[in-house]
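Asks: Right, I'll just put the structure down here and ask away after.
Residue numbers (our numbering): 1 to 287.
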């Protein structure tokens, strides 16, 4: 399996999907969660059919070993792991896609290395660095109250906030899962069924640690120096992070833009694979 050595001598894993002879630049893809195995990304709605996807396993997930120091799970440190991967791959500049919590890692990387990225794609972002958490997810949740799974899912959301046991959390995650998808059919159900086993508690708990208010403001200011185009993708039925969050994140960049998929949820490549793939490819091919 492909490995690379990071800044602190940790040996981490990454994998490649798709052709390495397509003539197209590879796309590095970061999984969110936080602390979730990157296998949930799949082939990102068929993106791997056209170009090679390079997918690292974040520390303590997949084939990458746990960190001896829990602070290494914090997203600014994970951004340094990404820089180590870039060096290992010999890429002067590269295109980066990040999903969910990993959009914070991607933003931290962009702030620290603003000229290293050729394109940046942030999918269903969490606006942690922006310091504002819009509540449009409430309206999205309410708009779906006529769906058969809604009563149980909305009750489970409350129970998840009450510190359930691991066994209870496993069942609750599956109960609330429909809120993360544009519809609740066989592909969505199969994707959701893997979540509980893919989450790693320690990397998840430590992901947001160690970034105080001055550090957050410094990172946010660094985004104004990013020179590449940035695409922020949102789903109109995403009751996890909503739509307004994507607009806030896009506004943080000099060349930020949004692409909205009205019928998609938090995992747009599962709900709308063809439209997701088309939007990504068109953005990557901008002259």
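Every residue, glycine too, gets a C-beta built ideally from N, C-alpha and C.
1) Identify, in the order they occur along the chain, each residue of the same chain with its Cβ nearer than 7 Å to the Cβ of residue 172, setting aside the five sequence neighbours on each side.
2) In terms of DSSP beta bridges, what is residue 56 paired with?
3) Please return the same chain residues whose Cβ sits closer than 6 Å to the Cβ of residue 192, not counting the five positions on each side in sequence.
4) Tell me whether the beta-carbon of residue 148 lies closer than 8 Å to the beta-carbon of residue 95.
5) List the residues that DSSP assigns as beta-bridge partners of residue 29.
6) If residue 226 sits next to residue 250, beta carbons under 8 Å apart, how far is it from one beta carbon to the other, in whole angstroms?
7) Tell me where the alpha helix (DSSP H) around residue 140 begins and ends.
8) Of the choices 197, 220, 153, whose alpha-carbon is the least far from that of residue 239?
9) Classify residue 347 as helix, strand or coil using the three-state DSSP reduction.
10) Just mark residue 139 as buried or exposed, buried being the case when its beta carbon has 16 or more other beta carbons within 10 Å.
11) Flag this pair as yes or no: are the beta carbons of residue 48 and residue 90 separated by less than 8 Å?
12) When you compare only the Cα positions, how much space is there between residue 53 and residue 134?
13) Comparing C-alpha positions only, which one of 246, 185, 232 sits nearest to residue 131?
14) Measuring straight from C-alpha to C-alpha, what distance separates residue 100 and residue 237?
15) Report buried or exposed for residue 214, applying the criterion of at least 16 other Cβ atoms within 10 angstroms of its Cβ.
16) If you draw a straight line from the C-alpha of residue 56 to the C-alpha of residue 67, how long is it?
17) Excluding the five sequence neighbours on either side, which residues of its own chain have a C-beta within less than 6 Å of the C-beta of residue 34, listed in chain order?
18) In chain order, what are the residue ranges of uninterrupted beta strand (DSSP E) at least 3 long that sit wholly in the segment 205-250?
Replies: From the atom records:
1) Non-local C-beta neighbours of residue 172 in its own chain, meaning closer than 7 Å and more than five positions away in sequence, comprise 156, 159, 160, 164, ordered along the chain.
2) Residue 56 is bridged by DSSP to 14.
3) Taking C-beta separations shorter than 6 Å and ignoring five residues to either side along the sequence, the partners of residue 192 in its chain run 177, following chain order.
4) No; because the gap between Cβ atoms is not below 8 Å, this pair is not in contact.
5) Residue 29 pairs with 97.
6) Incorrect: roughly 12 Å between the Cβ atoms, too far for contact.
7) For residue 140, the uninterrupted alpha helix (DSSP H) segment begins and ends at 136-143.
8) Comparing Cα positions, the closest option is 153.
9) This structure does not reach residue 347, given that the chain is present from 1 up to 287, and the question cannot be answered.
10) Under this definition residue 139 is an exposed residue.
11) A distance of 8 Å or more separates the beta carbons of residue 48 and residue 90.
12) Near 32 Å, if we compare the C-alpha coordinates of residue 134 and residue 53.
13) The residue with the shortest Cα to Cα distance from residue 131 is 246.
14) When only Cα atoms are considered, residue 100 and residue 237 end up about 15 Å apart.
15) So residue 214 ends up on the exposed side.
16) Each residue's CA atom was taken as its position, placing residue 56 and residue 67 some 15 Å apart.
17) Once the five neighbours on either side are set aside, the close Cβ partners of residue 34 are 101, 204, 207.
18) You should have 230-235.
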